[in-house]
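With this note's numbering applied, the sequence shown closes on residue 957, and no number is skipped along the way. Glycine is no exception: its CB is placed at the ideal position from the N, C-alpha and C atoms. Nothing here was measured: the structure is a model prediction, and the numbers come from that model.
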Amino acid sequence: MGDAQTGNGNDATRPLREDIRFLGGVLGDTIRDHEGAEVFDLVEKVRVEAFRVRREEVRRSAVGEMLAGVEIGVALPLIRAFSYFVLLANLAEDIQRDRRRAAHESAGEPPQDSSLAATYRKLDAAGVPGERVADLLSDALVSPVITAHPTETRRRTVFDTQTRITDLMRQRQRAPESEQARLDLEIRRQVLTLWRTALIRLSRLRIQDEIAVGLRYYELTLLDVVPAINADVRAALWSRWPGQSLLPKPILRTGSWIGGDRDGNPYVTAEVVRTASGQAAGVAFGRYLRDLVQVEKTLALSARLVPVTPELRALADDGYPDPATFADEPYRRAVYGIRARLTATARGALTALGAGNTEGGQVSAATVSADPVAAIDSRMREFIALGAEDTDSAGVRPYATPQELLDDLDAVDASLRASGDGLLADDRLAVLRHTVETFGFHLQGLDMRQNSETHEQVVAELLAWSGVHPDYSSLPEEDRVRLLTGELRTRRPLLGPHARLSELAAKELGIIRAAAEVVAALGPEAVPNYIISMCTSVSDLLEAALLLKEGGLLDPGTADSEPYCPAGIVPLFETIEDLAAGATTLAAALAVPEYRALVASRGMRQEVMLGYSDSNKDGGYLAANWALYRAELELVELAHEHGIRLRLFHGRGGTVGRGGGRSYDAILAQPAGAVRGSLRLTEQGEIIAAKYAEHGSAHRNLESLIAGTLESTLLDVEGLGADAEPSYALMDDLAGRARAAYARLVHETPGFVDYFRQSTPVAEVGDLNIGSRPASRKPTSSVSDLRAIPWVMSWSQARVMLPGWYGTGTALEEWVDADPERLARLSDLYRRWPFFRTVMSNLAQVMAKSDLAIAARYAELVEDVDLRERIFGMIETEHARTVAMHAAITGNDHLLADNPSLAESIRNRFPYLEPLNQMQVELLRRLRSGDDSELVKRGILLTMNGLATALRNSG
3 MGDAQTGNGN
13 DATRPLREDI
23 RFLGGVLGDT
33 IRDHEGAEVF
43 DLVEKVRVEA
53 FRVRREEVRR
63 SAVGEMLAGV
73 EIGVALPLIR
83 AFSYFVLLAN
93 LAEDIQRDRR
103 RAAHESAGEP
113 PQDSSLAATY
123 RKLDAAGVPG
133 ERVADLLSDA
143 LVSPVITAHP
153 TETRRRTVFD
163 TQTRITDLMR
173 QRQRAPESEQ
183 ARLDLEIRRQ
193 VLTLWRTALI
203 RLSRLRIQDE
213 IAVGLRYYEL
223 TLLDVVPAIN
233 ADVRAALWSR
243 WPGQSLLPKP
253 ILRTGSWIGG
263 DRDGNPYVTA
273 EVVRTASGQA
283 AGVAFGRYLR
293 DLVQVEKTLA
303 LSARLVPVTP
313 ELRALADDGY
323 PDPATFADEP
333 YRRAVYGIRA
343 RLTATARGAL
353 TALGAGNTEG
363 GQVSAATVSA
373 DPVAAIDSRM
383 REFIALGAED
393 TDSAGVRPYA
403 TPQELLDDLD
413 AVDASLRASG
423 DGLLADDRLA
433 VLRHTVETFG
443 FHLQGLDMRQ
453 NSETHEQVVA
463 ELLAWSGVHP
473 DYSSLPEEDR
483 VRLLTGELRT
493 RRPLLGPHAR
503 LSELAAKELG
513 IIRAAAEVVA
523 ALGPEAVPNY
533 IISMCTSVSD
543 LLEAALLLKE
553 GGLLDPGTAD
563 SEPYCPAGIV
573 PLFETIEDLA
583 AGATTLAAAL
593 AVPEYRALVA
603 SRGMRQEVML
613 GYSDSNKDGG
623 YLAANWALYR
633 AELELVELAH
643 EHGIRLRLFH
653 GRGGTVGRGG
663 GRSYDAILAQ
673 PAGAVRGSLR
683 LTEQGEIIAA
693 KYAEHGSAHR
703 NLESLIAGTL
713 ESTLLDVEGL
723 GADAEPSYAL
733 MDDLAGRARA
743 AYARLVHETP
753 GFVDYFRQST
763 PVAEVGDLNI
773 GSRPASRKPT
783 SSVSDLRAIP
793 WVMSWSQARV
803 MLPGWYGTGT
813 ALEEWVDADP
823 ERLARLSDLY
833 RRWPFFRTVM
843 SNLAQVMAKS
853 DLAIAARYAE
863 LVEDVDLRER
873 IFGMIETEHA
883 RTVAMHAAIT
893 GNDHLLADNP
903 SLAESIRNRF
913 PYLEPLNQMQ
923 VELLRRLRSG
933 DDSELVKRGI
943 LLTMNGLATA
953 LRNSG
């Protein structure tokens, strides 16, 4: 494996080819040393043959024929070999991207699109008036929301080892010759560790593990990167529009669903809500306390040499209990007092929540610590080891809010600047101030989510128990709204302390009450949103409001006071029909005085979540994308008519079939007025690690989110002008045709579900142990009940990638109808309209990862020959049609002509997918023929892991 054939390339790609060759050689040596010559020789033969297949030197079936009947004891290390080679190739590509960026910058070339530097140039050229900027950014927020949606197949141990190899390879490229041998030896040691580490988990991830994994990215990058970007963006905007007081709150603030999203996840409980929030708070408190130790050590300024402000003197006087200690060092005494108060704050908050154990900001996977106070004590022992005196926080007044802490830190900052010591204020203290301002006591906002069907069941039970109505579910919508609004006018609860409820109702109310406890302990930003899945009516919104009231999160107010709820009620429109009706549903809700009063109490701000995954599964790629765009247009118009500030929350997945693609391009592809300074979007699965595991990638990806938001808000990026309405009508036509073509296959073809289940590893996806949620919402065989992730992941494994393109080719071909003028019209839209260009670009990316020759091997697993030939024939025909229409519209001679980096990546990695796919088909055939041995099952899961790693965004 020492000679990775990556093509001729040029000087720019030579370092990449050399890295892949080196890492492949190390892996090959490891396999030979530890698995023996027989396994190594087979791996080499298969590798060589896979490249010959790619160069079309041999029949496509060559690799499959080599692997047919291979003994399972040999198959497993072979699968692991190709899985690890793909992983190492990914690593080499990441390093190469960094090289290219460095070369771009050192050459003095203009900043690249999606960077803030490029955005600032565009804003400077546009000359946007300051008053307009202030208005559009008055509620600015860019919020990536980490979810536990399970598409990350790598174990944490594998991830950590991969990270170490990446660091070593970066050292290797700049190390002197004398260091090369040492680094090469250490890389060999880490590759051996990889080889000796199991790729797949033996048990399913628990939700507590998911909480720990999500929080880990804060320690890795987010605690450092997010505050730094916030400070830089604020400074850049203030310098361009002085006097406008832009961004009074940090623009970039993170969120999470892990521990709050209970839609289809029975493992989310009240205790999990407390644990997730408490552990997040523990990470924040741990960072602040650690930083305060360092600030205290560095600010040993003498009162004999430096004057201080009265505010600083007051802090110093309230600091150390012993007036003789650091008597001449007021800053140290002041910071000690701040640290004591913060320790008391942390003790109180974590005790109230019974938070899981946290040490030094690292979060354990333990469910709940028996003594959360011990977590703070253990952290303080770490600070003592750093050389700081421990604080005596007993009897110290805790901070009521993060702002109180910031006020004290600001007092220290102001005193330093007053004495001309701003250089000191701009060091560790400034970093700490920005960090506290960004993360507060809560670290991340924990969204709550549940589906409307569950809400209805619980509300019906509460109303029946309280005697308000015996059968709420039987009521028509108008009567439901009348009953619910009546209950929302009064503070009277429905339940007394001795109410006996079903397990479901008790659990749901317990979760909301736990959320109220979190808000009381950590502040209103700790639980900022309550999301309603499958929201279709006004009563769906009001049912959620009633439950929030019953759980103690919503105060309906009185005649003399407005209502209050820290959590905004957020409808999630998911299916194509719900997206189409979304604006109508929200308009009807705003016509209800009780609901409008809730929106008014939140500054007339209404958030709406848009579901990318279910709309795609429902109607196909093009129809779903246009349904989302149309829904946004109508919601923007509604917001203007009703005087509300609309914020859209994009439920995007990693793959194109679930709304994936470059975030910057996706933001620019939004309709005019849809962004308006704020957006939220989900970050899921393997995409989280790809974006946020390293400082450089985290900074670039977060920058791109803000860059896209600022451009979409302050510039005219849609570019359609007077051609907007005709273009929308054209897309209405295309979307209808695409949906009909998709429906003919997925919803109307007899036997399609059988074909899907037999020709993909969907039944095995649930055994990957990559998440706590079940693969289906309900135990049925319906496509509609299957979760979007296994739907997309299964098609990806089989290399069909159907959710990312099917139906589009038919729509385009039918509309053009061989008319050159119509084709020219689409080509013009591709050049001018970011939405259409992004749709076509993302389609090309996903189709480039498809391989219908491999897909045909999976189709052979379908027992019914007629069904197999009929459905696969439809897929083949549509695939060819879509590729042809893409070429005709874009003028590109191949799918990735506008994305050379991805084209290069495919050349580097995809020959190694050939044996993984062929081996997966072989083992699926054995399993379905009755060989259900654990080794065969393990082999299938290993191939799924390797393919997911190679495809990088597989679910």
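Next item on the list: May I ask you to report which of helix, strand or coil DSSP gives Arg255?
Entry: Here the question's residue 255 lines up with position 253 in the sequence shown. Looking at Arg255 - three-state DSSP - the assignment turns out to be coil, as it is neither helix nor strand.
Note to self: Quick check on the DSSP output: the beta strand (DSSP E) that includes Thr277 runs from which residue to which?
What the structure shows: Translated into positions along the sequence shown, residue 277 becomes position 275. Per DSSP, Thr277 belongs to no beta strand (DSSP E); it is in the alpha helix (DSSP H), 272 to 300.
Item checked: Among Phe53, Leu69, Leu18, Ala52, the one whose alpha carbon lies nearest that of Leu925 -> As a position in the sequence shown, residue 925 is number 923, starting the count at 1. Per the Cα distances, Leu69.
Next item on the list: Determine the closest residue to Asn521 out of Lys939, Ser279, Glu40, with distance taken between C-alpha atoms.
Entry: Taking the first residue of the sequence shown as 1, we reach residue 521 at position 519. Strictly speaking, residue 521 in this sequence is Val, with Asn absent from that position. Per the Cα distances, Ser279.
Next item on the list: Locate the alpha helix (DSSP H) running through Glu705, then write down its first and last residues.
Entry: Residue numbering aside, residue 705 sits at position 703 when the sequence shown is read from its first letter. Start and end: 697 to 716.
Check: Glu479 to Leu574, Cα distance in whole Å?
Finding: Counted from its first residue, the sequence shown places residue 479 at position 477. Counted from its first residue, the sequence shown places residue 574 at position 572. Straight-line Cα distance between these residues: approximately 19 Å.
Next item on the list: Enumerate in chain order the residues of its own chain whose CB-to-CB distance from Ala988 is below 6 Å, with the five nearest sequence positions on each side excluded.
Entry: Absent from the structure is residue 988, since the part of the chain shown begins at 3 and ends at 957.
Next item on the list: Can you give me the Cβ contacts of Arg383 inside the same chain, cut-off strictly under 6 Å, excluding the 5 residues immediately before and after it?
Entry: Here residue 383 refers to the residue found at position 381 when the sequence shown is read from its first residue. Its pLDDT being 45, under 50, Arg383 is placed unreliably in this model, and the coordinates cannot settle the point.
Notebook entry, point to check: Buried or exposed: where does Gly397 fall if 16 or more other Cβ atoms within 10 Å of its Cβ makes it buried?
Noted result: Your numbering for residue 397 matches position 395 in the sequence shown. With fewer than 16 other Cβ atoms within 10 Å, it is exposed.
Margin query: How far does the beta strand (DSSP E) with Arg451 in it extend, from its first residue to its last?
Written below: Taking the first residue of the sequence shown as 1, we reach residue 451 at position 449. Where Arg451 is concerned, the enclosing beta strand (DSSP E) stretches over 450 to 453.
Item checked: Exposure label - Arg134; buried when at least 16 CB within 10 Å -> Taking the sequence shown and counting its residues from 1, one reaches residue 134 at position 132. Exposed, since its Cβ has fewer than 16 Cβ neighbours within 10 Å.
Notebook entry, point to check: Closest to Gly613 by CA distance: which of Leu592, Ile97, Leu650 is it?
Noted result: Taking the sequence shown and counting its residues from 1, the one referred to as residue 613 is at position 611. Comparing Cα positions, the closest option is Leu650.
Notebook entry, point to check: Three-state secondary structure (DSSP) at Met611?
Noted result: Translated into the one-based positions of the sequence shown, residue 611 becomes position 609. It is a strand residue.
Next item on the list: Decide if the segment 577 to 595 is in contact with the segment 618 to 631; the criterion is three or more beta carbon pairs, one per stretch, under 8 Å apart.
Entry: yes
Check: So what does DSSP say about Pro404, is it helix, strand or coil?
Finding: Along the sequence shown, one-based indexing puts residue 404 at 402. Pro404: helix per DSSP, three-state reduction.
Next item on the list: Write down the C-beta distance between Ala104 and Leu25 rounded to the nearest angstrom, noting that I regard them as a contact closer than 8 Å.
Entry: As a first step, residue 104 is located in the sequence shown; it is residue number 102 there, counting from the start. As a first step, residue 25 is located in the sequence shown; it is residue number 23 there, counting from the start. 20 Å between Cβ atoms; not a contact.
Check: Which word fits Ile386, buried or exposed, when buried means at least 16 other C-beta atoms lie within 10 angstroms of its C-beta?
Finding: Taking the sequence shown and counting its residues from 1, one reaches residue 386 at position 384. Because the pLDDT at Ile386 is just 37, under 50, the model does not fix this residue reliably, and the point stays unresolved.
Checklist line | Residues near Ala813 in its chain [Cβ-Cβ closer than 7 Å; skip 5 each side] | finding: Counting from one through the sequence shown, the residue named residue 813 turns up at place 811. Within the same chain, Ala813 has close Cβ partners Leu624, Leu736, Arg739, Ala740, Ala743.
Next item on the list: Provide the residue span of the alpha helix (DSSP H) that contains Glu865, from first to last.
Entry: Counted from its first residue, the sequence shown places residue 865 at position 863. Segment: none, Glu865 is in no alpha helix (DSSP H) and carries neither H nor E.
Margin query: In chain order, what are the residue ranges of uninterrupted alpha helix (DSSP H) at least 4 long that sit wholly in the segment 72 to 114?
Written below: 74 to 108
Notebook entry, point to check: Taking DSSP as the reference, what is the three-state secondary structure of Tyr322?
Noted result: Residue mapping note: residue 322 aligns to position 320 of the sequence shown, counting from 1. Note: Tyr322 maps to coil in three-state DSSP.
Next item on the list: Classify Phe328 as helix, strand or coil using the three-state DSSP reduction.
Entry: Counting from one through the sequence shown, the residue named residue 328 turns up at place 326. Three-state DSSP puts Phe328 in coil, outside helix and strand.
Note to self: Measuring only the C-alpha atoms, how far is Gln114 from Ala120?
What the structure shows: Start at 1 with the first residue of the sequence shown, and residue 114 comes out as number 112. Start at 1 with the first residue of the sequence shown, and residue 120 comes out as number 118. If I take the Cα positions, the gap works out to 6 Å.
Checklist line | Span separating the alpha-carbon of Asn618 from that of Glu545 | finding: On the sequence shown, residue 618 is found 616 positions in, with the first residue counted as 1. On the sequence shown, residue 545 is found 543 positions in, with the first residue counted as 1. Their Cα atoms are separated by approximately 27 Å.
Margin query: Restricting to Cα atoms, I'd like to know which of Thr345, Arg264, Gly129, Leu640 is closest to Ser535.
Written below: One-based indexing of the sequence shown puts residue 535 at position 533. Checking every option, the nearest Cα to that of Ser535 belongs to Arg264.
Checklist line | Short Cβ contact (9 Å threshold) for Leu496 with Val529 | finding: The residue you call residue 496 lines up with position 494 of the sequence shown. The residue you call residue 529 lines up with position 527 of the sequence shown. Their beta carbons are not under 9 Å apart, which means Leu496 does not touch Val529 by this criterion.
Item checked: Same chain, Cβ closer than 7 Å to Val88, neighbours up to 5 away in sequence not counted -> For this step, residue 88 is matched to residue 86 along the sequence shown. Excluding residues within five positions, the ones whose Cβ falls inside 7 Å are Arg911, Tyr914, Gly948, Thr951, Ala952.
Notebook entry, point to check: If you count every other CB in all the chains shown that lies within 10 Å of the CB of Arg334, and 16 or more means buried, which is it?
Noted result: Indexing the sequence shown from 1 puts residue 334 at position 332. The residue in question, Arg334, is buried, as its Cβ has 16 or more Cβ neighbours within 10 Å.
Notebook entry, point to check: Is the distance from the Cβ of Thr884 to the Cβ of Leu854 below 9 Å?
Noted result: Position 882 of the sequence shown, counting from 1, holds the residue named residue 884. Position 852 of the sequence shown, counting from 1, holds the residue named residue 854. Against a cut-off of 9 Å, the Cβ pair of Leu854 and Thr884 comes out as no contact.
Check: Around the Cβ of Glu181, are there at least 16 other Cβ atoms within 10 angstroms (buried) or fewer (exposed)?
Finding: Locating residue 181 in the sequence shown gives position 179, where the first residue counts as 1. Answer is exposed; the Cβ neighbour count stays below 16.
Note to self: At the level of alpha carbons, what is the spacing between Ile873 and Met795?
What the structure shows: To locate residue 873, count along the sequence shown from 1; it is residue 871. To locate residue 795, count along the sequence shown from 1; it is residue 793. Roughly 19 Å separates the two Cα atoms.
Check: Ordered along the chain, which non-local residues of its own chain (more than five positions away) have a Cβ less than 6 Å from that of Gly66?
Finding: Here residue 66 refers to the residue found at position 64 when the sequence shown is read from its first residue. So the list reads Gln920, once near-sequence residues are dropped.
Margin query: Taking DSSP's pairing of strands, which residues face Asp31 in a bridge?
Written below: Your numbering for residue 31 matches position 29 in the sequence shown. Looking at the DSSP assignment, Asp31 forms no beta bridge with any residue, so it has no partner.
Next item on the list: Given a cut-off of 9 Å, decide if Gly442 and Ala286 are closer than it, judged by their beta-carbon atoms.
Entry: Indexing the sequence shown from 1 puts residue 286 at position 284. Indexing the sequence shown from 1 puts residue 442 at position 440. Yes.
Note to self: For Ile148, report the span of its alpha helix (DSSP H) as first-last.
What the structure shows: Residue mapping note: residue 148 aligns to position 146 of the sequence shown, counting from 1. Careful: Ile148 lies outside any alpha helix (DSSP H), inside the beta strand (DSSP E) at 143 to 148.
Notebook entry, point to check: Measuring CB to CB, does Leu418 end up less than 9 Å from Val438?
Noted result: Along the sequence shown, one-based indexing puts residue 418 at 416. Along the sequence shown, one-based indexing puts residue 438 at 436. Result no, Cβ atoms of Leu418 and Val438 do not sit closer than 9 Å.
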